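Q: Numbering (our numbering), first residue to last: 2 to 462.
Even glycine gets a Cβ: it sits at the ideal position worked out from N, Cα and C.
As the structure is a computational prediction, the values presented were derived from the model and not from experiment.
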Ligand code: PMP
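1. Does the region 430-445 come within contact of the region 248-255, defined as at least 3 CB pairs closer than 8 Å?
2. Is residue 290 near the ligand PMP - that is, is its Cβ less than 7 Å away from at least one heavy atom of it?
3. Are the Cβ atoms of residue 429 and residue 399 separated by less than 8 Å?
4. How close, in whole Å, do the beta carbons of residue 82 and residue 332 come, if the pair is a contact with beta carbons under 8 Å?
5. Residue 278 lies in the alpha helix (DSSP H); which residues open and close that run?
6. So residue 443 and residue 271 are in contact, right, with Cβ under 8 Å, and what is the actual spacing, rounded?
7. Exposed or buried, which one is residue 288 when buried takes at least 16 other CB atoms within 10 Å?
8. With a threshold of 16 other CB atoms inside 10 Å of the CB of residue 319, please say whether the residue is buried or exposed.
9. For residue 123, is the classification buried or exposed, using 16 other Cβ atoms within 10 angstroms of its Cβ as the cut-off for buried?
10. Measure the C-alpha to C-alpha separation of residue 326 and residue 334 and round it to an integer number of angstroms.
11. How close, in whole Å, do the beta carbons of residue 159 and residue 235 come, if the pair is a contact with beta carbons under 8 Å?
12. Mind listing, in chain order, the continuous beta strand (DSSP E) runs of no fewer than 3 residues lying wholly within the region 50-129?
13. By the DSSP assignment, the alpha helix (DSSP H) with residue 450 in it spans what residues?
14. Work out the CA separation of residue 407 and residue 103 for me, nearest whole Å.
15. Can you tell me which of the three DSSP states residue 176 falls into?
16. Helix, strand or coil, according to DSSP, for residue 385 in the structure here?
17. For residue 460, which of 403, 417 and 144 has the nearest alpha-carbon?
18. Taking the alpha carbon of residue 244 as the point to measure from, which residue in 70, 195 and 457 has its own alpha carbon closest?
19. With a threshold of 7 Å, establish whether the CB of residue 300 neighbours any heavy atom of the ligand PMP.
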C-alpha cells in the first residue's frame with residue numbers, strides 16, 4: 002500500500018467514525034447508522050454520476066432526492082453563485098425591501114407558471130413552501146371574516162414535508178406516528194376517487210373522498226385542499242385522467258382554495274414544466290422547490306394567483322407576519338435563474354418527455370421478465386415498478402422481506418442508485434434520473450435493475 006492510499010484509508014475510517022458519533026441523519030434508521038456507519042459517503046458528482054470516498058462511481062438513477070434535474074458539476078451554476086456572493090451576499094425582503102435578483106426570479110417564474118400564478122413568496126425548501134401555503138390560506142379566510150374556515154384536506158399517501166403543518170398535511174402515516182401530537186384541523190381523503198369528486202355519491206369510498214369529507218364537515222369549515230399532482234414518496238401514484246380537473250371543479254363549487262405541491266413534479270420532472278399542465282388545471286397556490294435550483298442550493302417558493310394576492314392586499318390592513326430570514330436569498334435566486342436557463346436552453350423538459358418512452362419500454366421489459374415486477378408507472382422521468390410476492394392475486398411481500406430495499410441494495414452493488422418507496426407497506430422502486438439522461442442511460446438503469454431483481458429472486462423465491 003502506498004503512503005498516499007494508506008493516508009486516504011485512515012481518513013475514510015475517521016470520516017466513518019465521526020459520522021457515527023456526531024451526525025444525526027435525516028430519515029435514517031439511527032441504530033443501523035451508529036452500528037455500521039453511513040451507507041455511502043459521496044465526494045464528487047459529474048453529469049448523472051456520483052463518486053464515493055472509495056472512488057466507486059455510481060449512476061444516480063433518482064437525482065439524489067428527485068432534485069438534481071440538470072445533473073452534477075455544472076460550472077455555470079457555481080459561477081452564478083460565486084458572482085452573486087461577490088455582488089450582493091445577502092439582501093432581505095422584509096419591511097418592503099427588495100433586490101434585483103429576487104425580482105428577476107419572481108418575474109421569470111410568473112412567465113413560466115400556468116394561468117395567472119404570477120406572484121411568488123420565497124422559502125428555503127418544500128416543507129417551508131407548503132407551511133407557508135397553509136398559513137396564507139388560513140390568513141385569507143380569517144381576513145375575509147370566515148375564521149371557521151380553517152380545515153385543510155389532504156390525501157392519504159401524500160407527502161408534504163416535515164415542518165408541523167406540512168407533517169400534519171402529510172398522509173404517509175410513518176411521518177406522523179413518531180410524534181405524540183400533530184396539528185389539528187387536517188383531514189385526509191382517499192386519493193384519486195374521480196367519480197366521487199364529480200359527485201357520484203353511490204361510488205365506493207364516497208364518505209372518504211374529498212367531496213364526502215367536505216359535505217360531512219360542512220364546506221364553511223374547509224379552508225383548502227392540498228395535493229401533489231403525482232404522488233411521489235407515497236409510491237409514484239399518477240392520478241387517473243379527469244381527477245385533478247374534478248378536484249378543481251369541486252374547490253370552485255364550494256369556494257375552497259386549491260393548493261398543489263409541485264416540489265417533485267416542478268421544473269420538468271414529468272415531461273411538462275409543471276405537473277398540473279398535464280391536466281390543464283390552475284391551482285390557487287402552487288408550492289415548488291427541489292428542481293428550481295436542481296439541488297445546488299436551498300430554495301423553494303409558493304406561487305399564488307393575481308386574484309388571491311390582490312384580495313389579500315385589499316383585505317390585510319395589517320402586515321402578513323410571515324417570512325424567513327432566507328426568503329429570496331440572492332445567491333439562491335441567482336442559481337435558480339441560471340438553472341432555469343439551462344433547463345430551457347437544453348430543452349430538458351422535452352427530453353424528459355421523450356425519455357418517458359424509453360422508460361416505459363424498460364419497465365414493461367421488467368414486468369415481462371420478472372414474475373415479482375408489477376404495476377409499471379411513469380410520467381416523464383418519474384417512474385417506478387412495484388414488487389409483489391404474487392402479482393396474479395396482488396399478494397404483497399411480508400414487511401420483514403424488505404423487498405424493495407433489498408433490490409435497491411443489489412443495485413448499489415452494481416453501481417446504480419435507486420430508491421425504495423416502502424411507506425404504507427408498499428415495495429415500489431423509484432426511477433427518476435437527472436433530466437439530461439439519454440436512451441443508453443435508461444437502458445443501463447433497466448439492465449442493472451433487472452440483474453438486481455434476479456439476484457433478489459434467487460435469494461428469496
Ligand atoms: N413536498 C413533496 C411532494 C416532497 O416530495 C418533498 C420532499 N421530498 C417535500 C414537499 C418537502 O420538501 P423539503 O424536503 O425541501 O422540505
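A: Looking at the atomic coordinates:
1. no
2. Here residue 290 corresponds to residue number 289 of the chain shown, with the count starting at 1. Yes, the ligand PMP has a heavy atom inside 7 Å of this Cβ.
3. In the chain shown, counting from the first residue as 1, residue 429 sits at position 428. In the chain shown, counting from the first residue as 1, residue 399 sits at position 398. Contact flag unset, no.
4. For the purposes of this step, residue 82 is identified with residue 81 of the chain shown, where counting begins at 1. For the purposes of this step, residue 332 is identified with residue 331 of the chain shown, where counting begins at 1. That pair is a contact at about 5 Å.
5. By one-based count along the chain shown, residue 278 stands at place 277. Here residue 278 belongs to no alpha helix (DSSP H), and DSSP marks it neither H nor E.
6. Taking the chain shown and counting its residues from 1, the one referred to as residue 443 is at position 442. Taking the chain shown and counting its residues from 1, the one referred to as residue 271 is at position 270. That pair is no contact at about 16 Å.
7. Locating residue 288 in the chain shown gives position 287, counting from the first residue. Under this definition residue 288 is a buried residue.
8. As a position in the chain shown, residue 319 is number 318, starting the count at 1. Result: exposed.
9. Position 122 of the chain shown, counted from the start, is the residue given in the question as residue 123. Buried, since its Cβ has 16 or more Cβ neighbours within 10 Å.
10. Here residue 326 corresponds to residue number 325 of the chain shown, with the count starting at 1. Here residue 334 corresponds to residue number 333 of the chain shown, with the count starting at 1. If I take the Cα positions, the gap works out to 14 Å.
11. Locating residue 159 in the chain shown gives position 158, where the first residue counts as 1. Locating residue 235 in the chain shown gives position 234, where the first residue counts as 1. Residue 159 to residue 235, Cβ: 6 Å. Contact.
12. 50-53, 58-61 and 118-124
13. Residue mapping note: residue 450 aligns to position 449 of the chain shown, counting from 1. Per DSSP, residue 450 belongs to the alpha helix (DSSP H) from 440-461.
14. One-based indexing of the chain shown puts residue 103 at position 102. One-based indexing of the chain shown puts residue 407 at position 406. If you take the alpha carbons of residue 103 and residue 407, they lie about 44 Å apart.
15. The residue given as residue 176 occupies position 175 in the chain shown. Three-state result, residue 176: helix.
16. Numbered from its first residue, the chain shown carries residue 385 at position 384. The answer is strand: DSSP assigns residue 385 an E or B state.
17. Position 459 of the chain shown, counted from the start, is the residue given in the question as residue 460. Ranking the options by Cα distance to residue 460, first place goes to 403.
18. Numbered from 1 along the chain shown, position 243 holds the residue referred to as residue 244. Among 70, 195 and 457, the Cα nearest to that of residue 244 belongs to 195.
19. On the chain shown, position 299 is the one that residue 300 refers to. No, the ligand PMP has no heavy atom inside 7 Å of this Cβ.
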